[in-house]
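From first to last, the protein sequence lines are chains A and B. Heads up: the first sequence runs through residues 1 to 187, numbered per the numbering used here. Heads up: the second sequence runs through residues 1001 to 1187, numbered per the numbering used here. Don't be surprised by glycine CBs; every beta carbon is placed ideally from N, CA and C.
2 protein chains.
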Amino acid sequence: MVRWQPDTRARLQAAALGLFVDRGYDETTAADIAEAAGVTERTFFRHFADKREVLFDGQQFFSGAFVDGVRAAGPDDPPLAVVASALDGAAAFFPDERRAWSRSRQAIIDAHPALQERELLKLSGLAVEVAAALRDHGVDEPAATLAAQSCLTVFGVSFATWIADGENRPFAEISRDTLARLRALTG
Amino acid sequence: MVRWQPDTRARLQAAALGLFVDRGYDETTAADIAEAAGVTERTFFRHFADKREVLFDGQQFFSGAFVDGVRAAGPDDPPLAVVASALDGAAAFFPDERRAWSRSRQAIIDAHPALQERELLKLSGLAVEVAAALRDHGVDEPAATLAAQSCLTVFGVSFATWIADGENRPFAEISRDTLARLRALTG
DNA sequence: GTCACGATGTCAGCGACTGTCATCAGCCGC
DNA sequence: GCGGCTGATGACAGTCGCTGACATCGTGAC
């Protein structure tokens, strides 16, 4: 007999997503989530720094994909080619099977400014990491920060397109197209 | 005899900024700010939706400057020229006399993730407004959103440069230089 | 068998924020 | 002037997010 059920963290995340979808973010208390997962509210806050964070866990793997993409680029590639490589790396996180899940998660976030804030903070942190990777890759400031922010701009537009109604192209195709459109803006 | 002192809102903002500088954001309660302004905590929350908002009021004038800059651009200007015009419009909000004040305000924000979140949300809303102005100006999607995000990218890097130690060039000069560097990224 | 460890429970408490009702100066119509 | 309306504020109770401190008790090392 085990004293507690395993995977408390994952159970809390699943319970939270379900409750947010069913009755809304504001109408779900941290105690509700904990109860649904069979633990106490205190345990919820031992696993997640705050109530929003339960939706934003695991972003370190996500940023790792961008950074790996940067490292995979050729050492003499121009900055935007490195950005293209970072976006290709990120595409692995958005296979078609995940599109429906991403849509419902994003619907929750889009309905709550507090969650949008958290998402923006995570993306901002991601941009800082990409900029650092670009500097390691030989790109100087301020070009590294400008390129990293452009990378996130393309990512944001591409992601929104990827989850749009009726869209069925794979993420990588969309992001390549979006980057090309950003390039066209300058020309 | 008036029943209450005038300018409650402005008094609350001034009291908040002072307390945040003196003893820190986390160590300042909403009740502290209210007391320093001579009102009750309840009145604080009638003027500001939450404790963070007291630092972020008046952004509608700020976004208006960007939008006016977009409208001032030539009808056939390419998107990035319109962005340049928007940045010139924003420059009016950053005269040299405000540089020291901007530095201390930004120091408070940079020290608190919760405040960074709010700032990012405000900037995100600003990007949405700039994108709408660009569409009104004849720029189609997704170019409008890409250009608006690029506008905010240049703004962010320019602002950080403007308040950096030892920097004394005017904002408009910095933003023009930053935009040129973003353009150069493609070439 | 003992003992340290680590995940959890329990409980008290603070601060952010809200709903509700009372108060009362100033203004408006008469 | 008089009475009623309005709008900003005070007073107060209450919910929820979140934290610190301490107790509990399977589990694995020894």
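6 Å Cβ shell around residue i - same chain, five flanking residues per side excluded
i                : result
F48 of chain A   : V54
A1030 of chain B : E1041, F1044 and K1051
A1131 of chain B : A1144, T1145 and A1148
R9 of chain A    : H47
Q1059 of chain B : K1122
Test item: CB-CB of residue i and residue j under 8 Å
i                : j                : result
S1158 of chain B : F1171 of chain B : yes
T1178 of chain B : V1139 of chain B : no
A1144 of chain B : L1134 of chain B : yes
A1147 of chain B : L185 of chain A  : yes
A225 of chain A  : F93 of chain A   : For chain A, the structure presents residues 1 to 187; residue 225 of chain A sits outside this window and is missing.
R118 of chain A  : F56 of chain A   : yes
Y25 of chain A   : L123 of chain A  : no
P113 of chain A  : L1121 of chain B : yes
V1082 of chain B : E1129 of chain B : no
S1102 of chain B : I1163 of chain B : yes
Contacts that residue i makes with chain B (C-beta to C-beta distance below 8 Å)
i               : result
V157 of chain A : P1142, T1145, L1146 and Q1149
Q116 of chain A : L1121 and S1124
Own chain partners of residue i with C-beta closer than 8 Å, once the 5 adjacent residues on each side are dropped
i                : result
S1085 of chain B : G1069, V1070, A1072, A1073 and D1077
L182 of chain A  : S150, T153 and V154
M1 of chain A    : Residue placement at M1 of chain A cannot be trusted, given a pLDDT of 49 that sits under 50; what the coordinates show is reported in the next sentence. Around M1 of chain A: no qualifying Cβ.
G1018 of chain B : A1036
R105 of chain A  : L17 and L55
F1062 of chain B : A1090, F1093 and L1126
Q5 of chain A    : R11 and G38
H137 of chain A  : V70, R71, A73, P75 and V82
Cut-off 7 Å between Cβ atoms - residues of its own chain near residue i, not counting five sequence neighbours on either side
i                : result
A15 of chain A   : I33, A36 and A37
T1028 of chain B : L1019 and F1020
E1190 of chain B : Limits of chain B in this structure are 1001 at one end and 1187 at the other, which puts residue 1190 of chain B out of reach.
D1088 of chain B : G1069 and A1172
Neighbour list for residue i in chain A, Cβ cutoff strictly below 8 Å
i                : result
P1113 of chain B : L121
R1135 of chain B : Within chain A, no residue comes near R1135 of chain B; the closest Cβ sits about 14 Å away, beyond 8 Å.
T1153 of chain B : L146, Q149, S150 and T153
Interface residues of chain A facing residue i [CB-CB closer than 9 Å]
i                : result
R1183 of chain B : T186
8 Å Cβ cutoff, residue i in contact with chain B
i               : result
R176 of chain A : no
T28 of chain A  : no
L12 of chain A  : no
R9 of chain A   : no
Closer than 8 Å to chain A by CB, residue i
i                : result
P1079 of chain B : yes
M1001 of chain B : Here the model assigns M1001 of chain B a pLDDT of 46, short of 50, so the residue's position is not dependable, and the following value carries that caveat. Chain A contact via Cβ: absent.
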